[in-house]
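Working notes for the structure below.
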């Protein structure tokens with residue numbers, strides 16, 4: 153079975169400060185890892201993915217995420233937060249040995265304070 | 630960027646009634662999915678669909694649920710006899726090639742309220 157944990161329901165950060173949204177995962181094999189963002193009244197939008205290779209992956213809107221196999225983590229980061237980054241962020245995992253199913257976390261609400 | 634469209638945006642129904650949620654995936658995509666999100670909870674996988682058949686489904690997707698691609702463009706989710714606990718936001722998604730690393734494109738969702 154595969155699962156994702158996002159330990160923080162909400163993260164507050166001041167505009168211009170670095171942000172981190174945490175994610176840990178569990179899969180039986182090797183993972184594909186994703187971050188999606190959801191703005192109000194919108195569907196989930198893809199931000200970035202880790203497949204293989206460099207542990208630091210870069211995605212849309214200046215976001216990046218670091219894959220840490222030993223800690224089974226895939227935290228989302230951005231060096232300087234914008235008010236427009238305020239949204240709901242979902243971490244997701246798919247087992248490389250699995251099939252189509254992507255498992256999402258419970259989501260973390262990011263609030264960037266002006 | 631191409632979009633997945635879902636209709637209606639809101640659906641209110643009485644318990645025991647049938648509902649059909651509609652989705653138009655991105656035109657050249659081959660893999661289709663339904664997910665749902667109960668208020669305040671995680672996004673849950675329901676079913677994936679490829680080549681006119683279900684490729685994977687979750688334990689949530691019981692006999693009350695069915696999916697169909699009736700005309701080559703629409704992708705529907707039917708709930709035969711709705712229950713109160715079916716109230717949720719239902720998201721349709723599609724992907725291009727079905728590779729395990731392919732990103733999903735989501736619609737804006739249908740908010741289903743069962744009274």
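Residue numbers (the working numbering), protein chains in the order written: chain L, 153 to 266; chain U, 630 to 744. Even for Gly, the Cβ is constructed at its ideal location relative to N, Cα and C.
- Going by beta carbons, residue 635/U and residue 651/U fall inside the 9 angstroms limit.
- Distance between residue 744/U and residue 185/L, taken at the CA atoms: about 37 angstroms.
- In the DSSP assignment, residue 155/L is bridged to 178/L.
- The DSSP-derived three-state label of residue 660/U is strand.
- Judged by their CB atoms, residue 738/U and residue 677/U are not nearer to each other than the 9 angstroms cut-off.
- With a 10 Å radius around the Cβ and a threshold of 16 neighbouring Cβ atoms, residue 236/L comes out exposed.
- If you look at residue 166/L, you'll find it in the beta strand (DSSP E) that goes 162–166.
- For residue 677/U, the secondary structure class from DSSP, reduced to helix, strand or coil, is strand.
- For residue 211/L, there are no C-beta contacts with chain U under 9 angstroms, since the nearest C-beta of that chain is about 10 angstroms from it.
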